[in-house]
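Participant: The following block contains the structure, expressed as structure tokens.
4 protein chains.
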Amino acid sequence: MIQASVVGATGYTGMVLSHLLSRHPQVRMHALTSRSYVGRGVAEVFPHLRLDAQYEPYSAARVAGSDVAFVCHPHAEAHLVAAELVEAGVRVIDLSADFRLRDAAQYAEWYGFEHPYPDLVDEAVYGLPELYRERIAAARLVANPGCYPTSALLAVAPLAKRAAEGAVIIDSKSGVSGAGRGATDKTHFCSVHDNFKAYSEVGHRHTAEIVQEISLLTGRPTPVSFTPHLLPVDRGILTVVYLPLAGGVADAASLHGLYADFYADEPFVEVVTQAPSLREVQWTNYCRVCVRPDPAAGLVKVISVIDNLVKGASGQAVQNMNIMFGLEESLGLEGKA
Amino acid sequence: MIQASVVGATGYTGMVLSHLLSRHPQVRMHALTSRSYVGRGVAEVFPHLRLDAQYEPYSAARVAGSDVAFVCHPHAEAHLVAAELVEAGVRVIDLSADFRLRDAAQYAEWYGFEHPYPDLVDEAVYGLPELYRERIAAARLVANPGCYPTSALLAVAPLAKRAAEGAVIIDSKSGVSGAGRGATDKTHFCSVHDNFKAYSEVGHRHTAEIVQEISLLTGRPTPVSFTPHLLPVDRGILTVVYLPLAGGVADAASLHGLYADFYADEPFVEVVTQAPSLREVQWTNYCRVCVRPDPAAGLVKVISVIDNLVKGASGQAVQNMNIMFGLEESLGLEGKA
Amino acid sequence: MIQASVVGATGYTGMVLSHLLSRHPQVRMHALTSRSYVGRGVAEVFPHLRLDAQYEPYSAARVAGSDVAFVCHPHAEAHLVAAELVEAGVRVIDLSADFRLRDAAQYAEWYGFEHPYPDLVDEAVYGLPELYRERIAAARLVANPGCYPTSALLAVAPLAKRAAEGAVIIDSKSGVSGAGRGATDKTHFCSVHDNFKAYSEVGHRHTAEIVQEISLLTGRPTPVSFTPHLLPVDRGILTVVYLPLAGGVADAASLHGLYADFYADEPFVEVVTQAPSLREVQWTNYCRVCVRPDPAAGLVKVISVIDNLVKGASGQAVQNMNIMFGLEESLGLEGKA
Amino acid sequence: MIQASVVGATGYTGMVLSHLLSRHPQVRMHALTSRSYVGRGVAEVFPHLRLDAQYEPYSAARVAGSDVAFVCHPHAEAHLVAAELVEAGVRVIDLSADFRLRDAAQYAEWYGFEHPYPDLVDEAVYGLPELYRERIAAARLVANPGCYPTSALLAVAPLAKRAAEGAVIIDSKSGVSGAGRGATDKTHFCSVHDNFKAYSEVGHRHTAEIVQEISLLTGRPTPVSFTPHLLPVDRGILTVVYLPLAGGVADAASLHGLYADFYADEPFVEVVTQAPSLREVQWTNYCRVCVRPDPAAGLVKVISVIDNLVKGASGQAVQNMNIMFGLEESLGLEGKA
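The listed protein sequences derive, respectively, from chains A, B, C and D. According to my numbering, the stretch in the first sequence is residues 28 to 364, in order. According to my numbering, the stretch in the second sequence is residues 28 to 364, in order. According to my numbering, the stretch in the third sequence is residues 28 to 364, in order. According to my numbering, the stretch in the fourth sequence is residues 28 to 364, in order.
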């Protein structure tokens with residue numbers, strides 16, 4: 028049995044991780060830590076979870092008894108705990124953005140301070156199993172991808188080598204849980220319900236992560252125009268990628284075949300012929316992808332859907348843990364999260 | 028007083044028109060016609076409307092007593108009534124797509140049959156006041172624009188002359204009322220609620236209308252990649268236009284100034300500096316537009332929001348009527364629809 | 028022109044009042060005060076309002092120049108400002124609960140401290156126009172009713188004299204705006220959306236107000252069992268009253284007639300024969316009421332719907348102002364709020 | 028392995044049954060029948076189900092090879108198939124109302140025709156496990172309870188013997204899936220969203236079923252006033268029962284203890300001290316119940332929540348199957364439906 032801890036277990040990603048790990052057949056929960064809810068029970072804080080455990084304060088000593096720790100602290104804080112735990116010999120899956128940018132200079136640019144652990148930045152593996160499975164298996168520190176990047180990269184990857192010069196346009200729409208549990212004007216029911224808007228219309232921090240990974244896929248610096256929106260739904264991201272192709276746009280069947288082949292062995296990517304809706308992936312670790320030629324416009328549209336808290340965060344983290352510990356990749360991820 | 032009739036008054040656009048016209052200070056309602064609700068009262072069919080009138084069967088003779096008729100029949104049917112009424116000397120505002128495509132051959136291609144009134148197609152004026160106000164004033168037959176085209180064209184117009192070669196990408200998200208009153212699997216609450224999807228991902232019929240008008244604005248055939256989505260909201264469209272610019276992307280202030288100047292005299296277009304949400308225009312005839320440079324991607328993003336049933340249909344139709352009859356353009360369009 | 032001020036104009040009730048007063052033909056806005064948004068513009072804080080005004084800090088001296096002040100401070104605070112302004116000669120409509128309980132001892136019991144202005148408690152008029160129109164006309168201080176009480180009292184009033192002994196059961200369901208603008212776990216989109224719950228299941232503070240007024244209507248101390256619920260909607264309250272009747276339950280037509288007669292002259296109460304939905308009153312000052320006999324159970328069900336922020340708060344406050352200043356009662360309350 | 032068939036598998040209850048049975052460890056799916064979707068695959072009709080099976084036309088001969096059949100045809104039709112299958116030796120769980128009323132005369136009164144199988148009416152067992160577990164175990168024909176009755180009866184049962192004379196008031200609120208998959212004006216997104224209403228305000232057909240079972244619990248004919256409402260949510264019912272008590276209202280702790288004892292051995296009833304929300308039971312077979320004294324009104328409020336399609340229909344049907352075939356009662360019902 029793997030001893031697993033969740034550090035920062037009372038945010039949304041921590042909540043979903045607690046649930047997933049509690050029913051994982053090869054996991055024994057070691058510690059659930061929290062800053063705000065120490066001493067309180069999981070079912071008290073989240074009445075829809077039927078989970079008998081209590082939140083503890085974080086200490087490196089306590090968590091050091093784990094085989095793996097999931098760090099769910101906010102960006103610009105998580106690296107402190109992650110570094111400490113790696114040092115203590117715990118394998119870490121960090122759900123923040125702190126180790127996603129491979130170039131520490133980029134981190135400084137987007138987050139406003141020098142990353143204190145550049146060596147760990149170098150060592151960290153970007154935890155998208157469909158692209159980096161083998162490196163994840165051996166990693167001490169996995170940088171679990173952002174939710175928007177996951178949805179975009181799985182849409183782009185099969186065609187990246189054929190992309191024409193020019194910007195890749197990524198228009199994403201996310202449910203509110205992506206904004207976190209914090210109660211703000213922005214997450215107030217009356218702000219979101221029956222409403223819709225774009226936000227961080229240029230310069231959302233996930234842009235850097237997307238540019239980095241798409242450029243690796245295309246093999247050259249690739250500009251990206253990324254626009255996130257806030258949907259009046261709880262869970263899910265739908266992304267449309269507008270990808271200009273070099274050398275002409277193939278027909279629908281060829282494109283579908285190319286995607287189906289690319290993901291043929293993937294347990295959690297489903298290539299479909301009907302444009303997918305959020306409903307089809309909510310509460311699951313699946314990503315559904317649909318590719319459509321738009322020859323009149325000289326581009327391909329790729330539509331992807333994920334659950335932002337599962338494949339976009341906690342489910343993908345469990346998938347990474349399964350890879351790191353040599354388990355069946357889908358263990359504990361069947362059924363609804 | 029203008030005698031006004033609504034033909035097909037029990038769909039959503041007819042419902043909103045009935046409401047708007049009933050409180051318009053210069054309008055006297057002549058006839059509200061319906062196929063399904065003959066003899067029933069407006070307030071019985073739409074309990075939220077406090078309007079004392081009854082639905083009648085359509086006849087050209089009855090409606091011929093009007094100064095203006097709003098035709099709200101479905102595409103591929105509306106032209107029959109519109110032609111008959113124009114013939115009878117009634118000025119017609121047609122809310123269907125039947126007279127929007129200027130080239131009758133295009134109509135045949137998209138709707139599958141020869142347009143029986145090519146002369147009226149030639150005569151009809153595309154009813155977007157911000158572009159064609161003078162021609163609308165003199166028109167016998169106005170083709171009221173589609174909801175998606177309205178949102179896209181108002182976003183594109185100020186910069187169209189500067190567009191680079193290449194496709195204009197238009198990613199639109201619409202509330203469910205845009206799908207009409209018909210009860211189908213697609214409009215069932217349980218299909219839409221807490222869900223989101225793209226539909227008609229390539230080849231939505233509004234594409235032809237958008238291509239036609241954008242090409243007129245740019246002055247050359249301009250490819251468009253248009254993707255509509257279905258939002259779990261009742262009213263509103265949010266469109267993001269990704270517009271590649273020739274000659275470099277100006278800064279935010281210059282772009283805002285350009286839009287503000289372009290629409291300085293428009294009563295219903297508001298150029299804003301914060302990305303607008305649907306809430307800001309729902310139930311109104313306003314369009315809000317916000318322009319954002321994305322220099323790293325070599326393009327400009329323009330975000331527009333409208334209420335699909337007001338500025339995207341019935342409100343714009345009333346605005347056109349005001350222009351046609353020499354009234355103040357905003358008469359009867361203040362407050363919430 | 029009446030000079031009107033709103034004290035605490037940036038909560039939801041203040042927001043709706045600002046909008047209603049700004050378009051009221053006999054009102055000139057004197058001051059909008061705020062604690063959190065001093066110096067900021069209305070349209071900046073509420074982008075859907077097209078209102079050119081700025082928030083000022085509150086001072087009695089500044090507001091004293093008004094003919095009427097609407098006090099929108101929270102319960103247990105509002106009485107301070109209200110007393111100060113009455114003293115300064117301003118007629119006050121207080122939207123808090125501070126002057127609704129006629130017995131100051133009751134106030135102490137429910138709010139935990141002695142009311143510092145028992146004389147004003149005695150003087151204040153409970154501002155439900157349908158019951159107290161004449162006293163409102165002459166009042167210096169109006170205690171604007173709570174939203175739940177408004178929905179319950181208008182449902183009960185016509186039959187109160189025929190109520191049997193025993194508890195009146197009031198089951199109410201409210202939209203989220205009733206919980207105020209405060210961002211909390213409870214108002215977070217992900218807590219409310221696709222969800223439903225009862226809250227304050229016994230002992231909600233509005234109970235005292237309802238018991239007081241129903242007892243006045245029946246003429247004897249009348250027990251009430253009141254249960255509020257939180258609906259995943261923005262605006263509106265639907266209340267079902269289960270009223271046991273003495274002397275048998277009349278048939279549907281007689282009951283409807285009785286209600287129709289009782290409210291025949293009321294501009295804002297509509298007695299209907301189909302069970303009303305929230306949609307029919309949202310954004311309006313109307314209350315719709317429907318009465319249904321349930322003879323097998325020996326009782327009558329009365330269903331009422333209002334918009335909690337309009338007839339349940341700010342609209343009713345404007346209605347009270349109209350009465351106090353001898354204006355047409357519906358002035359400024361036509362159309363949608 | 029139990030061979031199981033679903034007759035009428037493409038309504039909502041059939042859809043949930045297909046999903047639950049497909050992952051039940053002791054079930055082999057025999058046939059899924061449909062009238063509208065013959066020859067089509069499950070995943071094609073319900074893209075969110077990852078289930079590889081096809082819909083067949085119904086025939087008694089085909090289904091007769093099953094050990095158990097779940098009949099999901101509409102009321103007033105289902106009895107035809109149920110009778111035929113019982114005759115063929117298949118144990119039947121009927122999800123319609125056709126065998127719920129124990130007195131065939133009652134059936135005639137509510138459904139307008141003589142029940143053609145009065146002997147089966149006598150034989151059928153009302154399938155609420157918490158009340159009739161032993162009889163269910165031996166039954167050939169189980170009448171699976173209605174969703175509203177399930178929520179009401181589990182709330183009332185522990186206190187039924189202490190109920191005072193007088194009506195039991197039951198105020199229920201249901202998600203839209205309870206209205207079925209049929210696309211109608213009533214289930215159109217724009218009718219339900221951001222809206223709320225009561226319907227069938229007196230005389231909903233579930234009333235007869237509730238009266239029957241509550242009267243059995245109290246031991247005397249007991250009047251019931253039942254009011255259902257339509258919530259803008261997909262899944263779930265919240266019921267508040269107002270129960271007048273004979274002999275005084277006990278305190279909260281005693282009442283909670285009484286409920287906790289009554290349901291101590293029940294796998295799917297959770298007695299809680301915080302008023303439950305729909306979220307806590309959606310997609311599960313749990314019922315949560317909370318009891319609150321309201322001594323001032325001389326009654327007790329009991330709040331219950333279920334998922335209308337799981338504990339209110341298909342999950343309870345699987346629970347009944349487990350009982351009938353001697354399996355662990357919760358088998359296949361863990362996790363989310």
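Idealized CB from N, CA, C, for every residue including glycine. It should be emphasised that the depicted structure is a prediction, and the values quoted were computed from it without experimental measurement.
Listed in chain order, which residues of the stretch 245-258 of chain C have Cβ atoms closer than 8 Å to some Cβ of chain D?
Facilitator: Those would be 250, 251, 252, 254, 256 and 258, in chain order.
Participant: For chain B, find out if any of its Cβ atoms is closer than 7 Å to the Cβ of residue 362(C); answer yes or no.
Facilitator: Position 335 of the third sequence, counting from 1, holds the residue named residue 362(C). Closer than 7 Å to some Cβ of chain B, the Cβ of residue 362(C) qualifies, so yes.
Participant: In the DSSP assignment, find the unbroken beta strand (DSSP E) run with residue 269(D) in it and report its ends.
Facilitator: Numbered from its first residue, the fourth sequence carries residue 269(D) at position 242. Unbroken beta strand (DSSP E) run through residue 269(D): 264-271.
Participant: Can you tell me whether residue 52(D) is helix, strand or coil according to DSSP?
Facilitator: Counting from one through the fourth sequence, the residue named residue 52(D) turns up at place 25. Note: residue 52(D) maps to coil in three-state DSSP.
Participant: Cβ atoms of residue 47(B) and residue 19(B): under 7 Å apart, would you say?
Facilitator: With chain B represented from 28 up to 364, any question about residue 19(B) goes unanswered, as that position is not in the structure.
Participant: Look at the alpha carbon of residue 111(D) and the alpha carbon of residue 342(D), and state the distance between them as a whole number of angstroms.
Facilitator: Walking along the fourth sequence from the start, residue 111(D) turns up at place 84. Walking along the fourth sequence from the start, residue 342(D) turns up at place 315. The alpha-carbon atoms of residue 111(D) and residue 342(D) are separated by roughly 24 Å.
Participant: Output the boundary residues of the beta strand (DSSP E) element that contains residue 31(B).
Facilitator: Start at 1 with the first residue of the second sequence, and residue 31(B) comes out as number 4. Here the beta strand (DSSP E) through residue 31(B) covers 29-34.
Participant: Per the contact definition of three or more C-beta pairs closer than 8 Å, is the stretch 248-266 of chain D in contact with the stretch 225-237 of chain D?
Facilitator: Contact holds: three or more Cβ-Cβ distances are below 8 Å.
Participant: Looking at the structure shown, is residue 66(C) part of a helix, part of a strand, or coil, going by DSSP?
Facilitator: Locating residue 66(C) in the third sequence gives position 39, counting from the first residue. DSSP places residue 66(C) in coil when its eight states are reduced to three.
Participant: When the Cα of residue 282(C) is compared with those of 186(C), 345(C), 333(C) and 240(C), which residue comes out closest?
Facilitator: Against the third sequence, residue 282(C) aligns to sequence position 255. Of the listed residues, the one whose Cα sits closest to residue 282(C) is 186(C).
Participant: Does DSSP put residue 297(B) in a helix, in a strand, or in coil?
Facilitator: For the purposes of this step, residue 297(B) is taken as the residue at position 270 of the second sequence. The answer is strand: DSSP assigns residue 297(B) an E or B state.
Participant: Apart from the five residues just before and just after residue 141(C), which ones in its own chain have a Cβ nearer than 7 Å to its Cβ?
Facilitator: Within the third sequence, the letter at position 114 stands for residue 141(C). Cβ within range, chain order: 135.
Participant: Put residue 81(B) into one of helix, strand or coil per three-state DSSP.
Facilitator: Along the second sequence, read from residue 1 onward, the residue named residue 81(B) stands at position 54. If DSSP states are grouped into helix, strand and coil, residue 81(B) belongs with the strands.
Participant: Using a C-beta to C-beta distance shorter than 8 Å, which residues of chain A count as neighbours of residue 223(B)?
Facilitator: Residue 223(B) sits at position 196 when you count from the first residue of the second sequence. Within 8 Å Cβ-Cβ: 200, 258, 260, 263, 265, 304 and 305.
Participant: Using a C-beta to C-beta distance shorter than 9 Å, which residues of chain E count as neighbours of residue 214(C)?
Facilitator: Reference to chain E is not applicable here, since the protein chains of this structure are A, B, C and D.
Participant: Would you mind giving the Cβ-Cβ distance between residue 95(A) and residue 60(A), rounded to the nearest angstrom? I have them listed as a contact below 8 Å.
Facilitator: What you label residue 95(A) is simply residue 68 of the first sequence in a count that begins at 1. What you label residue 60(A) is simply residue 33 of the first sequence in a count that begins at 1. No, residue 95(A) and residue 60(A) are not in contact; Cβ-Cβ is about 14 Å, not under 8 Å.
Participant: Rounding to the nearest angstrom, what Cα-Cα distance links residue 128(D) and residue 108(B) in this structure?
Facilitator: Taking the fourth sequence and counting its residues from 1, the one referred to as residue 128(D) is at position 101. Taking the second sequence and counting its residues from 1, the one referred to as residue 108(B) is at position 81. Their Cα atoms are separated by approximately 54 Å.
Participant: Determine which residues of the stretch 71-84 of chain A have a Cβ less than 7 Å from any Cβ of chain D, and write them out in chain order.
Facilitator: Of all residues in the stretch 71-84 of chain A, 74 and 75 have a Cβ within less than 7 Å of some Cβ in chain D.
Participant: Which partner residues does residue 118(B) have in the DSSP bridge list?
Facilitator: For the purposes of this step, residue 118(B) is taken as residue 91 along the second sequence, with counting starting at 1. In the DSSP output, where bridge partners are listed per residue, residue 118(B) has 95(B).
Participant: Let me see if you follow: with CB-CB separation under 7 Å, is residue 197(D) close to chain C or not?
Facilitator: Working through the fourth sequence from its first residue, we reach residue 197(D) at position 170. No, residue 197(D) does not count as interfacial toward chain C.
Participant: Run the CB neighbour count on residue 202(B), radius 10 Å, all protein chains shown included, and call it buried at 16 or more, exposed below.
Facilitator: Your numbering for residue 202(B) matches position 175 in the second sequence. Per the 10 Å Cβ criterion, buried.
Participant: Could you check what DSSP says for residue 321(D) in three-state terms: helix, strand or coil?
Facilitator: Reading the fourth sequence from its first residue, position 294 is the one you call residue 321(D). DSSP places residue 321(D) in strand when its eight states are reduced to three.
Participant: Per DSSP, what are the beta-bridge partners of residue 198(A) in this structure?
Facilitator: Translated into positions along the first sequence, residue 198(A) becomes position 171. In the DSSP output, where bridge partners are listed per residue, residue 198(A) has 254(A) and 267(A).
Participant: Cβ-heavy atom distance between residue 113(A) and the ligand HEM below 6 Å?
Facilitator: Absent from the structure shown: the ligand HEM. Ligands present: none.
Participant: In whole angstroms, what separates the C-alpha of residue 171(D) from that of residue 155(D)?
Facilitator: In the fourth sequence, the residue the question calls residue 171(D) occupies position 144. In the fourth sequence, the residue the question calls residue 155(D) occupies position 128. Using only the alpha carbons, I get a separation of about 7 Å.
Participant: Does the stretch 173-185 of chain C come within contact of the stretch 282-300 of chain C, defined as at least 3 CB pairs closer than 8 Å?
Facilitator: With a cut-off of 8 Å, the stretch 282-300 of chain C and the stretch 173-185 of chain C count as touching, because enough Cβ pairs lie within range.
Participant: Provide the residue span of the alpha helix (DSSP H) that contains residue 327(B), from first to last.
Facilitator: As a working note, residue 327(B) is residue 300 in the second sequence. Element bounds for residue 327(B): not the alpha helix (DSSP H) but the beta strand (DSSP E), 326-333.
Participant: Taking the DSSP output, what are the residues bridged to residue 131(D)?
Facilitator: To locate residue 131(D), count along the fourth sequence from 1; it is residue 104. The partner list for residue 131(D) (beta bridge, DSSP) is empty, contrary to what the question assumes.
Participant: Enumerate in chain order the residues of its own chain whose CB-to-CB distance from residue 91(B) is below 8 Å, with the five nearest sequence positions on each side excluded.
Facilitator: The count along the second sequence starts at 1 and reaches residue 91(B) at position 64. Only 112, 115, 116 and 117 meet the Cβ criterion.
Participant: Under three-state DSSP, which class holds residue 260(A)?
Facilitator: One-based indexing of the first sequence puts residue 260(A) at position 233. Correct three-state label for residue 260(A): coil.
Participant: Ordered along the chain, which non-local residues of its own chain (more than five positions away) have a Cβ less than 6 Å from that of residue 58(A)?
Facilitator: Working through the first sequence from its first residue, we reach residue 58(A) at position 31. The residues are 32, 83, 89 and 90.
Participant: For residue 328(C), count neighbouring Cβ atoms within 10 angstroms of its own Cβ and tell me buried if that reaches 16, exposed if not.
Facilitator: Start at 1 with the first residue of the third sequence, and residue 328(C) comes out as number 301. Classification of residue 328(C): buried, given that the 10 Å Cβ count is 16 or more.
Participant: Should the stretch 238-251 of chain A be regarded as contacting the stretch 308-324 of chain A, the criterion being three or more beta carbon pairs within less than 8 Å?
Facilitator: They do not touch, by the three-pair rule.
Participant: Nearest chain A C-beta to residue 204(C) closer than 7 Å, yes or no?
Facilitator: By one-based count along the third sequence, residue 204(C) stands at place 177. Residue 204(C) counts as touching chain A.
Participant: Would a check of beta-carbon distances place residue 220(B) closer than 7 Å to chain D?
Facilitator: The residue labelled residue 220(B) in the question sits at position 193 within the second sequence. Chain D contact via Cβ: present.
Participant: Do we get a CB-CB distance below 7 Å when we pair residue 228(D) with the residues of chain C?
Facilitator: One-based indexing of the fourth sequence puts residue 228(D) at position 201. Yes, contact with chain C.
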